[in-house]
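Position one of the sequence shown corresponds to residue -9 (the numbering used here), numbered consecutively onward.
Down below is the structure, laid out as structure tokens.
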Amino acid sequence: MNLSDLILRGDFGTAQDDLSGILLGLLIAFLCGHVVAWVYMACHSGLSYSRSFVNSLIVLCVIVALVMAVMFNNLLMAFGMMAVFAVVRFRNILRDTLDTTYILASISTGMAAGTRKFSTAILGCLIFALVMLYLHWTSFGARHRYDLILNLHWGRPLDELPRLVDLLARHGRRTQLASQRAGGTSDGADLSYRILLRDASRSGELVSELKAFPGVSRVTSLKAEEESEM
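Set out below in structure tokens:
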């Protein structure tokens, strides 16, 4: 019997409960754990990266596969393992909610491999990897509403502000006045704008034009990052 037949048999309830089946299940769990870990390494962003967490994704997948192999077609052993896990408690604070998804992927893949559902384990692992890479590459769910934050002082009467707005509109697809504070004189104000640029690479041109614009002073700019989740 070739390897492909051995992998496909488990999903139809005809897998052998022998040493070769156990070894194959542990090997598939080990390889699938690597796939989950590699996807995590490629997609992770932020300051909460941990090498031990990456390693645990691989080890967890293998351990779950081993546990499922021990309980395979053995109801008494299954209840015994439940009692053991009720005594042993694992506590870990995950800083990123998405980390839980990787843990569940390792557990699910390990369960499939340990119960001889080899093709399910491999297919599920690959689909999980493709979904996570798609979400990472497309930045799905991100809300990027503006590129630049501009702070400036307007020293002319406020009824002349439309001239300044026209200048901003030439460079931006969308402009939002974030704040306006009195500048300490009868005329003028400190303004803060959020701008979604037509061409993000030309932000320097906008700042240069503002500095040369009559009535504008103290121009500062800051690149806006993606909005944080609240």
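Glycine included, C-beta positions come from ideal geometry on N, C-alpha and C.
Coil, strand or helix - residue i by DSSP
i      : result
Ser129 : coil
Gly205 : coil
Thr210 : strand
Leu154 : helix
Leu140 : strand
Arg135 : coil
Ser98  : helix
Arg106 : coil
Ser38  : coil
Ser169 : strand
Neighbour-count burial assignment, residue i, 16 or more Cβ in a 10 Å radius
i      : result
Lys107 : buried
Ile18  : buried
Thr87  : exposed
Gly131 : exposed
Met58  : buried
Leu187 : buried
Leu142 : buried
Met122 : buried
Met220 : Note on Met220: pLDDT 43, under 50, position unreliable in the model; no value is reported.
Asp149 : exposed
Asp137 : buried
Ala140 : Per the sequence presented here, residue 140 reads as Leu, with Ala not at that position. When all chains shown are included, Leu140 counts as buried.
Tyr124 : exposed
Trp127 : exposed
Val155 : exposed
Host beta strand (DSSP E) of residue i (start-end)
i      : result
Ala179 : 179 to 187
Leu148 : Per DSSP, Leu148 belongs to no beta strand (DSSP E) and is neither H nor E.
Residue range of the unbroken alpha helix (DSSP H) whose run includes residue i
i     : result
Leu9  : 9 to 33
Leu50 : 41 to 61
Thr87 : No alpha helix (DSSP H) contains Thr87, which DSSP labels as neither H nor E.
Nearest-angstrom Cα separation, counted from residue j out to residue i
i      : j      : result
Phe20  : Leu50  : 9 Å
Ala172 : Ser129 : 39 Å
Arg164 : Glu199 : 18 Å
Ser40  : Ile97  : 19 Å
Leu116 : Thr105 : 18 Å
Leu16  : Phe62  : 13 Å
Ala168 : Tyr183 : 5 Å
Asn45  : Thr91  : 15 Å
Ser38  : Val25  : 20 Å
Gly194 : Ser109 : 55 Å
In DSSP terms, what residue i is bridged to
i      : result
Arg164 : Leu186
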